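Below: one structure, written as structure tokens.
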Amino acid sequence: MTNRNRIGLTWISFFSYALTGALVIVTGMVLGDIANYFQLPVSEMSNTFTFLNTGILAAVFLNAWLMEIVPLKRQLIFGFVLMVLAVLGLMTSHSLSVFSLCMFVLGVVSGITMSIGTFLITHLYEGRQRGSRLLFTDSFFSMAGTIFPVIAGMLLARHLPWYWVYVCIGVIYLAIFVLTLTVDFPILGKKQPNAQPVAKEKWGVGVLLLSIAALCYILGQLGFISWVPEYATKTMGMDISAAGQLVGNFWTSYMIGMWVFSFVLRFFDLQRILMVLAALATLLMYWFVSSSDAGMLKWIIIGLGFFSSAIYTTIITLGSQQTRVSSPKLVNFILTCGTVGTMLTFVVTGPIVAKGGAHAALFTANGLYAVVFVMCLLLGFVTKHRQYGHADH
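The letter at position 130 of the sequence shown is residue 129 when you use numbering that gives the first Met the number 0, and the numbering goes up by one with no holes.
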């Protein structure tokens, strides 16, 4: 594989995470305007976004097998067509059913690109370099979380229709589409020339613990960040721009944390540092949801973003190291579990908000982070990444 081709594939991975990050994170910013557009309560409207998350889950789950049947390039080109149709549907229709369908399609497109992006990184890089690259790739998720809430806040503050936010997100897939046309993708499955048979390995208890951690982490993170704008405006008395800035601060520090930890992780055992980061993130989130000082929220959320930044990609990296040879299906399984957390975000938090308000949803997210810490602690007793020598690379 040429260096130019490797760079092109790596950038597709970067943009795939940016696309998913933008679609998922802007929900909290546009939720109020979309609820007004369809004349529905915010808590009821939030359930509609389950279609977006379900689409992501379905695509990630199925693509573990589809990647060996449908060529990756063809999937991404087809995804671009679906993206254009979905955005046009959002812009031209006033039907809640069409909106839900378009959200599902956007989720499918996002899930396809993210699963391909994750596989490409695990396929192109080995050992600790894989973890570092995955972490840097995931930083594009948070980079989108930094940029798009600000863009959404600017557009909504100027009273532009909410769907223009999704038009802006579509530009990310345009970049993926252009790159897709210029690079060659790895050939998977039976079509792969000179493929050597690989003995099947048992995944073990470590994969189960990491899968639970992935689910709880994503559910906790998105449950937290999706309701921060509502909590900041309704409970803490901030305006929508300040609330958007609060979300932007989280993802900015998250992104910086990923860059820092992509270097730092090379010098530490992944399981041990994962356990420490999960503990710090849990304590910082508890401080955020317990604080009555609006001025302190900015600084707490910056610390929370920084110390939680490496958790998810380290979970995926450790999962890929639970076998001697990295398995695309194993990586996709853990990614699918994380995506289940995405799908459940409003299914779980919507009823909680309806009964106890946004503050109750934030406390629920804090409890989920505590579960992540417990899973990481238990992992220390069963992990195989040291046994297979992955920790030494």
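Cβ atoms here follow ideal geometry from the backbone N, Cα and C, with glycine treated the same way.
Just so it is clear, the structure is predicted and the values come from calculations on it, not from any experiment.
Member of the options whose CA lies at the smallest distance from the CA of residue i
i: residue 307; options: 294, 91, 273 and 108; result: 273
i: residue 30; options: 23, 17 and 44; result: 44
i: residue 336; options: 86, 315, 100 and 241; result: 315
i: residue 174; options: 9, 258, 343 and 359; result: 9
i: residue 77; options: 237, 35, 329 and 180; result: 180
i: residue 108; options: 94, 147, 40 and 21; result: 21
i: residue 240; options: 312, 172, 157 and 253; result: 157
i: residue 257; options: 210, 242, 312 and 286; result: 312
i: residue 41; options: 124, 233 and 93; result: 233
i: residue 26; options: 54, 93, 207 and 226; result: 226
i: residue 212; options: 355, 231, 374 and 176; result: 374
i: residue 176; options: 82, 253, 56 and 271; result: 82
i: residue 6; options: 244, 120 and 245; result: 120
i: residue 360; options: 348, 152 and 87; result: 348
i: residue 251; options: 186, 297 and 275; result: 297
i: residue 19; options: 153, 94, 54 and 159; result: 54
i: residue 70; options: 332, 111 and 49; result: 111
i: residue 73; options: 289, 85, 355 and 182; result: 182
i: residue 145; options: 98, 255 and 161; result: 255
i: residue 101; options: 269, 122, 162 and 155; result: 162
i: residue 259; options: 137, 321 and 354; result: 137
Cβ shell of residue i (< 7 Å), same chain only, five flanking positions each side left out
i: residue 194; result: Here the model assigns residue 194 a pLDDT of 48, short of 50, so the residue's position is not dependable and the matter cannot be decided.
i: residue 17; result: 139, 140, 142, 143 and 171
i: residue 380; result: none
i: residue 300; result: 245, 248, 249 and 287
i: residue 285; result: 365
i: residue 295; result: none
Limits of the unbroken alpha helix (DSSP H) element including residue i
i: residue 229; result: 204 to 233
i: residue 14; result: 2 to 24
i: residue 271; result: 269 to 289
i: residue 82; result: 71 to 91
i: residue 241; result: 239 to 263
i: residue 182; result: Unbroken run through residue 182: none, as it is neither H nor E.
i: residue 60; result: 49 to 65
i: residue 297; result: 293 to 307
i: residue 363; result: 357 to 378
i: residue 112; result: 95 to 123
i: residue 317; result: 310 to 319
Under 9 Å between C-beta atoms of residue i and residue j
i: residue 365; j: residue 223; result: yes
i: residue 166; j: residue 90; result: yes
i: residue 382; j: residue 205; result: yes
i: residue 178; j: residue 11; result: yes
i: residue 261; j: residue 134; result: yes
i: residue 304; j: residue 249; result: yes
i: residue 221; j: residue 371; result: no
i: residue 210; j: residue 115; result: no
i: residue 243; j: residue 149; result: yes
i: residue 63; j: residue 230; result: no
i: residue 28; j: residue 152; result: yes
i: residue 103; j: residue 50; result: yes
i: residue 329; j: residue 202; result: yes
i: residue 164; j: residue 184; result: no
Residues near residue i by beta carbon distance below 6 Å, same chain, minus five either side
i: residue 334; result: 59 and 117
i: residue 340; result: 214, 217 and 218
i: residue 253; result: 141, 304 and 308
i: residue 368; result: 219, 280, 281 and 284
i: residue 132; result: 120 and 124
i: residue 293; result: 235
i: residue 88; result: 97 and 101
Any C-beta of chain D under 9 Å from that of residue i
i: residue 11; result: Among the chains of the structure shown, chain D does not appear; only one protein chain is present.
Close-in-space but distant-in-sequence residues of the same chain around residue i (CB under 8 Å, 5 per side omitted)
i: residue 278; result: 372
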